[in-house]
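Trainee: Would you mind keeping the following structure in view while I ask a few things?
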Ligand code: ADP
Ligand code: TRP
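Quick look at the structure:
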């Protein structure tokens, strides 16, 4: 069974990416019946990233993050989306099946239109065809390898639903060729908020990178707003700081912070605990991350190997799809 997920290289991977996608995906890697396909969605990033050096650098950062957090390239495949050209051929085929009305409701496109509406601009101002068909490319990523499980955070679930819908349409029109994917439900996965209380996201600039210098981490945690309660006053065990702590702590540690909240604790002390918790959680991964970033040639070799394994599967599926829809010469390899 194949589990697949991707991360866009549009900024340094952050704690939200870790909790929503990386951690659940890596947990699946340890199940013997599952092969993980984890990729860098560089062609999705092209929708907003136009600096070539930056795109290349961010792609390596995403790969190094996966590897440092525990992706084992022997057990799982890690690859660049752009190395699997079969995805883009399938993308066109799926575009011909995808309902435009459904894509009109996809949240990235709707959000872009809403911004334009608020500014009193033409609704499609600055909207590329790439942004509009973003979910179709995502469907191609998933369907090209017949992935069954897709671990994603809350915000990407709609896109997986669209992929399911397109796969079902294909099934209806051409028969049972593509696998209908499912969202991988992971109990502990949740949406993490950034220091401004909104969903943590590279696009909102409110994110805390997984691997940043300790002084930057401290500064970002200090930015999280708190109320004006005195250290003696009891506090409700919730909010951005508490959720951050909870995401990286054991049951015992969580209970002990809860007690402090009940009996009184200063926000400075809570922030220090959050900082300590996050830095110790990622301490050994940070060393691995720095090592990979210092040796980009190792990252590239792993990505090339991953792509060559994935391409074999992608080629087979594309061949079946083309046969089913009646295009191409099926004697060609
Ligand atoms: P961003 O919003 O920062 O650009 P991506 O769109 O690249 O993040 O998301 C990559 C993966 O991480 C997706 O599966 C997404 O659902 C998950 N994810 C992103 N932000 C969060 C968050 N704040 N909490 C939980 N999961 C998240
Ligand atoms: N769109 C996803 C995001 O922004 C990244 C992604 C691209 C993806 N293709 C995918 C995730 C396929 C899961 C499956 O987070």
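Residue numbers (my numbering): 58 to 390. Even glycine gets a Cβ: it sits at the ideal position worked out from N, Cα and C. Just so you know, these numbers come straight off a predicted model, no measurement behind them.
1. Do residue 202 and residue 359 come within 7 Å of each other at the CB atom, strictly closer than that value?
2. Pull up the distance between the alpha-carbon of residue 250 and that of residue 224, whole angstroms please.
3. Using only the alpha-carbon positions, how far apart do residue 335 and residue 376 sit?
4. Compute every distance between the C-beta of residue 92 and the non-hydrogen atoms of the ligand TRP, then say whether any falls below 6 Å.
5. Give a yes or no on whether the C-beta atoms belonging to residue 196 and residue 220 are separated by under 7 Å.
6. Using three-state DSSP, classify residue 252 as helix, strand or coil.
7. For residue 89, which of 66, 131 and 382 has the nearest alpha-carbon?
8. Any idea what DSSP makes of residue 135, helix, strand or coil?
9. So residue 94 is in the beta strand (DSSP E); what residue range does that whole segment cover?
10. Got a sec: does the ligand ADP put a non-hydrogen atom nearer than 6 Å to the Cβ of residue 47?
11. What's the C-alpha gap between residue 71 and residue 298?
12. Kindly indicate the opening and closing residues of the beta strand (DSSP E) around residue 64.
13. Let me know if residue 273 comes out buried or exposed under the rule of 16 or more other beta-carbons within 10 Å of its beta-carbon.
14. Go through its chain and collect everything with a Cβ distance to residue 121's Cβ below 7 Å, but skip five positions before and after it.
15. Out of curiosity, what's the CA-to-CA distance linking residue 155 and residue 275?
16. Heavy atom of the ligand TRP less than 6 Å from the Cβ of residue 213, yes or no?
17. Using a Cβ distance threshold of 8 Å, determine whether the stretch 127-141 contacts the stretch 75-90, with at least three qualifying pairs required.
18. Since I believe residue 279 is in contact with residue 286 (beta carbons under 8 Å), could you give me their beta-carbon distance rounded to a whole number of angstroms?
19. In terms of residue numbering, what span does the alpha helix (DSSP H) encompassing residue 364 cover?
20. Quick one: give me the first and last residue of the alpha helix (DSSP H) that residue 125 is part of.
21. Assign residue 180 to buried or exposed, taking buried as 16 or more other Cβ atoms, counted over all protein chains shown, within 10 Å of its Cβ.
22. Is residue 260 close to the ligand ADP? I mean its beta-carbon at under 6 Å from any heavy atom of the ligand.
23. In three-state DSSP terms, what is residue 319?
24. How big is the Cα-Cα spacing for residue 190 and residue 69?
25. When you compare only the Cα positions, how much space is there between residue 92 and residue 152?
26. Under 8 Å Cβ to Cβ from residue 174, same chain only, skipping five residues before and after it: list those, please.
27. Going by DSSP, name the residue or residues bridged to residue 206.
28. Taking residue 252 as the reference, give the member of 264, 260, 241 and 259 with the closest Cα.
Mentor: Once the coordinates are examined:
1. It is not a contact, given that the beta carbons lie outside the stated cut-off.
2. Near 32 Å, if we compare the C-alpha coordinates of residue 224 and residue 250.
3. Rounded to the nearest whole angstrom, the C-alpha separation of residue 335 and residue 376 is 46 Å.
4. For residue 92, the CB stays at least 6 Å from every heavy atom of the ligand TRP.
5. Remark: C-beta atoms of residue 196 and residue 220 approach each other more closely than 7 Å.
6. If DSSP states are grouped into helix, strand and coil, residue 252 belongs with coil.
7. If we check each option's Cα against that of residue 89, 131 comes out closest.
8. Of the three classes helix, strand and coil, the one that applies to residue 135 here is strand, per DSSP.
9. It spans 92-97 - the beta strand (DSSP E) in which residue 94 sits, taken as one unbroken run.
10. Nothing about residue 47 can be read from this structure; the chain reaches only from 58 to 390.
11. Here the alpha carbons of residue 298 and residue 71 stand approximately 16 Å from one another.
12. It spans 59-64 - the beta strand (DSSP E) in which residue 64 sits, taken as one unbroken run.
13. With fewer than 16 Cβ atoms within 10 Å of its Cβ, residue 273 is classed as exposed.
14. These residues qualify, in order along the chain: 346, 349, 350 and 356.
15. Their backbone Cα atoms lie some 46 Å apart in a straight line.
16. Relative to the ligand TRP, the beta carbon of residue 213 is positioned inside 6 Å of a heavy atom.
17. Two segments are said to touch when three or more pairs of C-beta atoms, one from each, lie closer than 8 Å; by this definition the stretch 127-141 touches the stretch 75-90.
18. Contact between residue 286 and residue 279 is absent: CB atoms are separated by about 17 Å, not below the 8 Å threshold.
19. Boundaries of the alpha helix (DSSP H) around residue 364: 353-382.
20. Run containing residue 125: 109-125, per the alpha helix (DSSP H) assignment.
21. With fewer than 16 neighbouring CB atoms inside 10 Å of its own CB, residue 180 falls in the exposed class.
22. At least one heavy atom of the ligand ADP is found less than 6 Å from the C-beta of residue 260.
23. Residue 319 falls in the helix class under three-state DSSP.
24. Going from the Cα of residue 190 to the Cα of residue 69 covers about 24 Å.
25. Their Cα atoms are separated by approximately 28 Å.
26. Closer than 8 Å at the Cβ level, and outside the excluded window around residue 174, lie 180.
27. For residue 206, which the question treats as bridged, DSSP gives the partners 60 and 239.
28. Nearest option by C-alpha distance: 264.
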